[in-house]
Each structure stands twice: as structure tokens, then as C-alpha cells.
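If you read the sequence shown in our numbering, its first letter stands for residue 1, the second for the next number, and so on.
Just so you know, even glycine gets a beta-carbon here, dropped at the ideal spot from N, CA and C.
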Amino acid sequence: MKRNLLLGIMTIFALTLSAQDKYCTSFGDYLTGNWQEVTGTVSLRSEKDNRLAYTLQSDDKRLRKLLRKHAFCLRHQGELYVNLRNSKCFDEVFVKAYELAGGKLLFARPDVTRTPGGIYVGYGDRAVPFSIRGFKSKSKLENLVCYMIQGAKERGSEETRENINFFKVTEEVMRQQLLGQEELWNEYQQLDAKRRDDADVVIDFLTRGGKI
Numbered sequence: 001m002k003r004n005l006l007l008g009i010m011t012i013f014a015l016t017l018s019a020q021d022k023y024c025t026s027f028g029d030y031l032t033g034n035w036q037e038v039t040g041t042v043s044l045r046s047e048k049d050n051r052l053a054y055t056l057q058s059d060d061k062r063l064r065k066l067l068r069k070h071a072f073c074l075r076h077q078g079e080l081y082v083n084l085r086n087s088k089c090f091d092e093v094f095v096k097a098y099e100l101a102g103g104k105l106l107f108a109r110p111d112v113t114r115t116p117g118g119i120y121v122g123y124g125d126r127a128v129p130f131s132i133r134g135f136k137s138k139s140k141l142e143n144l145v146c147y148m149i150q151g152a153k154e155r156g157s158e159e160t161r162e163n164i165n166f167f168k169v170t171e172e173v174m175r176q177q178l179l180g181q182e183e184l185w186n187e188y189q190q191l192d193a194k195r196r197d198d199a200d201v202v203i204d205f206l207t208r209g210g211k212i
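Here you go:
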């Protein structure tokens with residue numbers, strides 16, 4: 001009797017978690033709070049050699065295809081994830097997103113920003129900078145950099161793969177984010193210049209500054 005009761009409670013709890021999952025199909029929908037409920041159970045599985053990137057899983061093939069193809073972001077068990085499928089710069093994965101004031105979203109990925117005179121390596125229709133950092137584990141934030149999403153067009157066409165627009169969080173961006181927090185900014189400035197754009201540093205200082 002007690003076992004059946006416990007199983008019943010666990011089932012209700014699982015259904016509650018599932019009911020909390022929801023998604024947006026565009027950045028505009030995210031900004032306006034236009035969420036759609038996920039009508040089924042989904043999970044996110046880490047990539048083998050890329051533990052901070054996730055592949056969406058579901059026994060419901062229709063639901064899995066829908067979310068992988070059309071979700072701009074997914075709120076799963078209280079956490080927010082951005083779907084990078086619609087960006088030519090990254091693999092087709094979901095990554096954890098951090099919410100900032102003004103509707104901005106922040107996420108961590110390898111550095112794909114272009115610098116004058118830099119060396120680039122081609123991967124299909126992509127070209128990414130060649131650097132020592134690229135050989136390091138993608139499963140550690142210190143080997144990644146942060147980006148802020150600034151806009152995305154509506155879904156529904158072949159052009160949507162180009163519709164996640166983002167910019168790298170540089171020292172100048174951090175100066176703007178930490179404006180008025182002189183003690184924190186001075187601490188940030190004491191870091192080695194090579195460390196100031198590392199994702200673990202950016203996320204730490206933005207968290208301590210109350211930005212995320």
C-alpha cells in the first residue's frame with residue numbers, strides 16, 4: 001500500500017515537472033513572454049566530448065523534431081536553454097542560457113569571432129578561428145567565451161539558420177555591464193588580459209554583480 005502510494009506521488013511529481021517545460025519559437029516571443037507548453041516529456045543529454053552542449057531527447061518523435069527544428073529557446077525543469085540550430089557558427093545543440101536585464105540572453109561557446117589577420121579553419125560552411133584554445137576541452141567554461149543574443153528573425157523559412165544574431169562579451173561589454181560597480185570592475189581589471197573574456201570569469205562577475 002505504502003509502495004503504491006509512493007509510486008503515485010512520484011508519478012504526479014514527474015508529470016508536474018513535465019508540465020513546467022515550455023518553449024518559444026522566436027526571440028520576439030521570448031521578449032513578449034509568448035511561451036508554448038511542451039506537450040510531452042523531453043530530456044537533454046550532454047554531448048560526449050562537449051558536456052556543456054545538449055541534444056534534446058524524447059520518445060515522441062514528432063515532439064523531438066518540432067523542438068529541435070523550431071524552438072528558439074526551451075525552459076526545461078526551471079533552467080533556460082537556447083537552441084543553436086539556427087546559427088551557422090555552432091553545432092546544432094542546446095546550451096544553457098543566462099537571462100540579463102532588458103531581455104538579453106547570454107550563453108557560452110567556443111570563440112568564433114573574427115579578428116583581422118587571423119587564421120581560420122573551415123568546417124563545411126563555417127570558418128572558425130585557429131587558436132590553442134580550440135584544442136582544449138569544450139566541457140570547461142574557462143575554455144569558452146560568452147555571447148549575448150541581440151535578436152532573431154521569425155521562423156518558417158530556409159533562412160532561419162542565419163537568424164540568431166549575437167556578439168561576443170568583450171572587456172568593453174563588461175565595462176558597460178559593471179558600470180557603477182567600481183570595486184567589482186577594479187577586481188576584474190586586475191585579471192590577466194587573456195582571462196578577461198573567458199566564460200567562467202564573465203559568468204562569475206556578472207553573477208556577483210547581480211546581472212544574472
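For residue i and residue j, I'd like the C-alpha separation in whole angstroms.
{"i": "H76", "j": "K140", "result": "22 Å"}
{"i": "E182", "j": "I212", "result": "18 Å"}
{"i": "T32", "j": "Q150", "result": "15 Å"}
{"i": "R161", "j": "R85", "result": "At R161, the pLDDT of 46 sits below 50, so the modelled position is not reliable; the number obtained from the coordinates is stated separately. So the alpha carbons of these two residues sit roughly 7 Å apart."}
{"i": "D198", "j": "L74", "result": "25 Å"}
{"i": "M148", "j": "N165", "result": "9 Å"}
{"i": "L191", "j": "Q177", "result": "17 Å"}
{"i": "S43", "j": "F90", "result": "21 Å"}
{"i": "G210", "j": "Y188", "result": "15 Å"}
{"i": "T113", "j": "N143", "result": "14 Å"}
{"i": "Q20", "j": "V169", "result": "31 Å"}
{"i": "E37", "j": "N186", "result": "44 Å"}
{"i": "F107", "j": "F167", "result": "11 Å"}
{"i": "D111", "j": "N34", "result": "31 Å"}
{"i": "L100", "j": "Y81", "result": "14 Å"}
{"i": "S26", "j": "K194", "result": "34 Å"}
{"i": "S87", "j": "D200", "result": "23 Å"}
{"i": "K69", "j": "R109", "result": "20 Å"}
{"i": "K65", "j": "G102", "result": "31 Å"}
Determine, using beta carbons only, whether residue i and residue j come nearer to each other than 8 Å.
{"i": "G202", "j": "M174", "result": "Reading off the sequence shown, one finds Val at residue 202, where the question assumed Gly. Yes, the pair counts as a contact, with Cβ atoms nearer than the cut-off."}
{"i": "E79", "j": "K104", "result": "no"}
{"i": "L63", "j": "Y23", "result": "no"}
{"i": "F72", "j": "Y98", "result": "no"}
{"i": "D49", "j": "K138", "result": "yes"}
{"i": "E171", "j": "R196", "result": "yes"}
Mind reading off the beta-carbon distance from residue i to residue j? Whole number of angstroms is fine, and I expect it under 8 Å.
{"i": "L184", "j": "F205", "result": "6 Å"}
{"i": "T39", "j": "S58", "result": "With 8 Å as the limit, T39 and S58 do not qualify as a contact, their Cβ atoms being about 11 Å apart."}
According to DSSP, which residues form a beta bridge with residue i?
{"i": "L80", "result": "R75"}
{"i": "L178", "result": "The partner list for L178 (beta bridge, DSSP) is empty, contrary to what the question assumes."}
{"i": "N34", "result": "DSSP, once it has assigned bridges, lists no residue as partnering N34."}
Can you list, in chain order, the residues of its chain with a C-beta nearer than 7 Å to that of residue i? Leave out the 5 residues immediately preceding and following it.
{"i": "V93", "result": "E47, A53, Y54, T55, L84"}
{"i": "R45", "result": "Y54, T55, Q57"}
Can we count residue i as close to the ligand FAD, meaning its CB is less than 7 Å from some heavy atom?
{"i": "V145", "result": "With respect to the ligand FAD, the structure offers nothing, as it holds no ligand at all."}
Leaving aside the five residues before and after residue i along the sequence, list all residues of the same chain whose C-beta is less than 6 Å from its C-beta, in chain order.
{"i": "R51", "result": "S139"}
{"i": "G28", "result": "none"}
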